[in-house]
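Residue numbers (our numbering), protein chains in the order written: chain F, 6 to 349; chain C, 6 to 349.
C-beta: ideal position from N, C-alpha, C; glycine also.
Working notes, structure below.
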């Protein structure tokens, strides 16, 4: 181990690619390994879906403003989101928590209360876990198990040229919520007697602290008889996810700035922070909305839904991934997303 | 959250019991939740097994003497062990690693090399994961997925009075390996120029640094046509695991000190450390051997195996869990095991 390459050099996705090199698959039941929102296992009649996500104190959350119950809830929901992104349904989770002695039993129970609350709401069974101590902060790793009928599964790959790109809900809100919380934290650190200014920002704070996964969208599409041709959940920002879909599908895309759904509260707070709302949506992350493609012939089925918005379409690979700005200029999409390794 | 109860008050198992309270199961496919070596999910033809384990730097390992590759190997194997303890076979794992910036890409690759090596040897598919940064040390969480034919599954519960208690391999070696490593670490900290005295202790060091899971025992029992009636893996020390089996099966037991298998290297090093070898076996932990019960009628099938040792038998619950010392005196078994929360 003479060579030393810094983590930030590769970034998260470069690292995943590197670690995935030379992995040998031994079992026919392993349908899909690394490279989608979930691993896919052939369980006979159905596919089982497996995904894991870790939330680390002071990287993914700050206990100064994250209530423990919300944190538990969020740590479950971010995993559910990956299962829905495969068009599946979540069945079970196992929870692994590492905490230092500065946490009391009541504190761990609060985290678990949040996890149980999410399980109750999304109809998921908490079936196991591991609780251990850590010498540093709090770390929560949840692995979710889901299932999906074999003919219902949707991968990142599978889209085709001219198919429509659709997002659920709205984007950038969780990122703006984080900006508010960080601002108030700084103010508090400088002067603990100042009351936090959190009025009129309930929606974006909730999107950050207690996000929801779009189980409803997956079920809604089924009732409309629309099966996405490709899908991913938006955890790292719209730009990053679109590039994942294009790469997986060997496609390009054109999306339109003016079509990206942004809530009014996100918009006005972005302005207040001198941030471009579109940039918040493209690069903010933690939205846990779904981004998917549908056949043009399915457009009529979704066009009246207030929760779904067509933002563009797939193109051929050589055209690249582009965004058309409001002034008509065309800009290549870049994923700035999150790079946890360069943040420190 | 006004009340504050310290973690050490409950211990790991008390905490698990507390957190498992009020968990509602929504899906018929959840056959077994918290309370065995794995969760059990009905996948149609077979049962799927799910287990998760976290290794935390400076709690479960010390990088001063744990080579990263061994550490990766061990973090995979400890999960495999839980699947074998249900009489299953491991199929897939997902890996979650949190590291600080002090780790290079090459360091993470070494950990993965160890994980891949274990996967290769045990025929397991690495199908996904999450790599993120941490502000503290290194934390590895692995979730393993296994499968088992429905009529082959073995739980902790299921034993009966008079059935024989059997252990594979030998016990206490990993614990003695740890004592050696800790002693050398202390010596090194006091005087870095002293060469570590690690001669003649290869076996016990390997049991600590690069343990194996007993896939071979599970397969061997099948070839003998012996199906254990109850089983658990020995991760927290023999005493703790026996008490788990007795509690799950609503039984008592009698085991015999003189029958507990202890390797000569473990024995002589224990003596050198002024430790009772039996105590090391009972409370040491990290053996990853299997402890199981068999019907008396199966005794003849296993009695000639050098890898299996009958150490006692189940009794009725009211007799309690006891160990018969070499002098014939009877002592109630107590689990001292590991309590990570009181260690700091």
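Secondary structure of residue 161/F, DSSP reduced to three states: Taking the first residue of the first chain as 1, we reach residue 161/F at position 156. Coil at residue 161/F, not helix or strand.
Considering only their Cβ atoms, is the gap separating residue 144/F from residue 144/C smaller than 8 angstroms? Locating residue 144/C in the second chain gives position 139, counting from the first residue. Locating residue 144/F in the first chain gives position 139, counting from the first residue. Yes.
Out of 270/F, 140/F and 262/F, state which residue places its alpha-carbon closest to the alpha-carbon of residue 180/F. Against the first chain, residue 180/F aligns to sequence position 175. The option with the nearest alpha carbon to residue 180/F is 270/F.
When the Cα atoms are used, what is the spatial distance from residue 278/F to residue 183/F? Taking the first chain and counting its residues from 1, the one referred to as residue 278/F is at position 273. Taking the first chain and counting its residues from 1, the one referred to as residue 183/F is at position 178. Distance between the alpha carbons of residue 278/F and residue 183/F is about 12 angstroms.
Exposed or buried, what is residue 8/F when buried is set at 16 or more other beta-carbons lying within 10 Å of its beta-carbon? If you number the first chain from 1, residue 8/F lands on position 3. Result: exposed.
On the criterion of 16 or more Cβ atoms from any shown chain inside 10 Å, does residue 215/F qualify as buried, or is it exposed? Your numbering for residue 215/F matches position 210 in the first chain. The residue in question, residue 215/F, is buried, as its Cβ has 16 or more Cβ neighbours within 10 Å.
Give every residue of the same chain whose Cβ lies closer than 7 angstroms to the Cβ of residue 268/C, excluding the five residues on either side of it in the sequence, and list them in chain order. Sequence index remark: in the second chain, residue 268/C carries index 263 (1-based). Cβ within range, chain order: 175, 178 and 208.
Could you pull the start and end residues of the alpha helix (DSSP H) that residue 66/C belongs to? As a working mapping, residue 66/C is identified with position 61 in the second chain. Neither: residue 66/C is in no alpha helix (DSSP H) and is coded neither H nor E.
Would you check if the stretch 64-82 of chain C and the stretch 21-30 of chain C touch, i.e. whether three or more CB-CB distances between them fall below 8 angstroms? no
Could you please tell me which residues of the stretch 139-166 of chain C, in chain order, have their CB closer than 7 angstroms to any CB of chain F? 139, 140, 141, 142, 144, 146, 148 and 150
Distance, Cα to Cα, residue 263/C vs residue 231/C? Within the second chain, numbered from 1, the residue matching residue 263/C stands at position 258. Within the second chain, numbered from 1, the residue matching residue 231/C stands at position 226. Rounded to the nearest angstrom, the two C-alpha atoms are 25 angstroms apart.
Closest residue to residue 65/C among 54/C, 55/C and 79/C (Cα-Cα distance): Here residue 65/C is taken as the residue at index 60 of the second chain, counted from 1. Closest option to residue 65/C, Cα to Cα, is 79/C.
Counting only beta-carbon atoms, is residue 53/F nearer than 8 angstroms to chain C? Here residue 53/F corresponds to residue number 48 of the first chain, with the count starting at 1. Taking Cβ atoms only, chain C reaches closer than 8 angstroms to residue 53/F, which makes this a yes.
Chain C contact residues for residue 135/F, given Cβ-Cβ distances below 7 angstroms: Indexing the first chain from 1 puts residue 135/F at position 130. The contacting residues are 57, 58 and 59.
Where residue 5/C falls: helix, strand or coil (DSSP): Absent from the model: residue 5/C. The displayed extent of chain C is 6 to 349, so no value can be given.
Just by C-beta distance, which residues in the stretch 8-25 of chain C are closer than 8 angstroms to chain F? 8, 9, 10, 11, 12, 13, 14, 15, 17, 20, 21, 23 and 24
For residue 249/C and residue 237/C, believed in contact at Cβ under 8 angstroms, the rounded distance: The residue you call residue 237/C lines up with position 232 of the second chain. The residue you call residue 249/C lines up with position 244 of the second chain. Sure, about 6 angstroms apart at Cβ, within 8 angstroms.
Determine whether the beta carbon atoms of residue 88/F and residue 40/F lie at a separation below 8 angstroms. Within the first chain, the letter at position 83 stands for residue 88/F. Within the first chain, the letter at position 35 stands for residue 40/F. The answer is no: Cβ separation not under 8 angstroms.
Since residue 236/C is in the beta strand (DSSP E), which residue starts that stretch and which ends it? In the second chain, the residue the question calls residue 236/C occupies position 231. That run of the beta strand (DSSP E) goes 235-239.
Going by the CB atoms, is the gap between residue 226/C and residue 316/C shorter than 8 angstroms? For this step, residue 316/C is matched to residue 311 along the second chain. For this step, residue 226/C is matched to residue 221 along the second chain. Their beta carbons are not under 8 angstroms apart, which means residue 316/C does not touch residue 226/C by this criterion.
Where residue 77/F falls: helix, strand or coil (DSSP): Working through the first chain from its first residue, we reach residue 77/F at position 72. Residue state, collapsed to three classes: helix.
Anything in chain F within Cβ reach of residue 88/C, meaning under 9 angstroms, just list it in chain order. The count along the second chain starts at 1 and reaches residue 88/C at position 83. Within 9 angstroms Cβ-Cβ: nothing; residue 88/C doesn't reach chain F, min ~12 angstroms.
Span of the beta strand (DSSP E) holding residue 299/C? Sequence index remark: in the second chain, residue 299/C carries index 294 (1-based). 294-299 is the extent of the beta strand (DSSP E) around residue 299/C.
Report the CB separation of residue 62/C from residue 57/F in whole angstroms; it is logged as a contact under 8 angstroms. Within the second chain, numbered from 1, the residue matching residue 62/C stands at position 57. Within the first chain, numbered from 1, the residue matching residue 57/F stands at position 52. Contact flag wrong, Cβ pair sits at about 19 angstroms.
Rounded separation between residue 197/C and residue 295/C - CA only: Against the second chain, residue 197/C aligns to sequence position 192. Against the second chain, residue 295/C aligns to sequence position 290. About 39 angstroms.
Mind listing the chain C neighbours of residue 114/F? Cutoff is C-beta to C-beta under 8 angstroms, in chain order. Sequence index remark: in the first chain, residue 114/F carries index 109 (1-based). Residues of chain C passing the Cβ test: 23 and 24.
Could you please give the first and the last residue of the uninterrupted beta strand (DSSP E) stretch that includes residue 258/F? Working through the first chain from its first residue, we reach residue 258/F at position 253. First-last of the beta strand (DSSP E) with residue 258/F: 257-261.
Let me confirm a value: residue 51/F is counted as buried when at least 16 other C-beta atoms fall within 10 Å, else exposed. Which label applies? Start at 1 with the first residue of the first chain, and residue 51/F comes out as number 46. Buried, since its Cβ has 16 or more Cβ neighbours within 10 Å.
Taking the straight line between their C-alpha atoms, what separation do you get for residue 94/C and residue 13/C? Along the second chain, read from residue 1 onward, the residue named residue 94/C stands at position 89. Along the second chain, read from residue 1 onward, the residue named residue 13/C stands at position 8. When rounded, the distance between both Cα atoms is 35 angstroms.
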